[in-house]
Amino acid sequence: MPEPLTLPVSTAALCRDGDLAEGQALGLPAQQAFIVRHDGVLRAFRDSCPHQPGAPLAWRRDAYLSADGRHIVCHAHGARFDPATGVCTAGAALGLGLTPLALHIDTQGGVHLAEPPSSGD
1 MPEPLTLPVS
11 TAALCRDGDL
21 AEGQALGLPA
31 QQAFIVRHDG
41 VLRAFRDSCP
51 HQPGAPLAWR
61 RDAYLSADGR
71 HIVCHAHGAR
81 FDPATGVCTA
91 GAALGLGLTP
101 LALHIDTQGG
111 VHLAEPPSSG
121 D
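Printed below as a string of structure tokens:
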């Protein structure tokens, strides 16, 4: 799995850590990204199918997961991705992967894209 991209930390929280239940997703249209909770862990990915770069995955707002919440699905191509790794396990993008994005949860539980700057910066 590729290393998550690190973007400048967003100043406003995108959501709260407790906002997403297991097997739920949240689209972030302004960031062209989405967040999923899988196995108790929040993960973020670029909202772009690797089979056709730039093609969004969801068919409607926040609809990134299969009905059972076990896979991320590209609703245009039918590709299924492992939510733990972003790797395509079935469909047109087989063997390719989603671009992971780093997340930071602040002390108040706010979820932000990217890591905070190091204390030496």
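Read in order, the letters of the sequence shown correspond to residues 1 to 121 in the UniProt record's numbering.
Quick reminder that beta carbons are idealized off the backbone N, C-alpha and C, glycines included.
Gly97 and Leu42 have their C-alpha atoms spaced approximately 17 Å apart. Annotated three-state conformation of Pro29 is helix, per DSSP. By the Cβ criterion, the stretch 86 to 97 is not in contact with the stretch 53 to 64, since fewer than three pairs of Cβ atoms, one from each stretch, lie closer than 8 Å. For secondary structure counted as the beta strand (DSSP E) over 3 or more consecutive residues, the UniProt domain "Rieske" (12 to 110) holds these complete runs in sequence order: 25 to 28, 33 to 38, 41 to 46, 88 to 90 and 103 to 105. If you compare the alpha carbons of Asp19, Asp68, Leu103 and Gly95 with that of Cys49, the shortest gap goes to Gly95.
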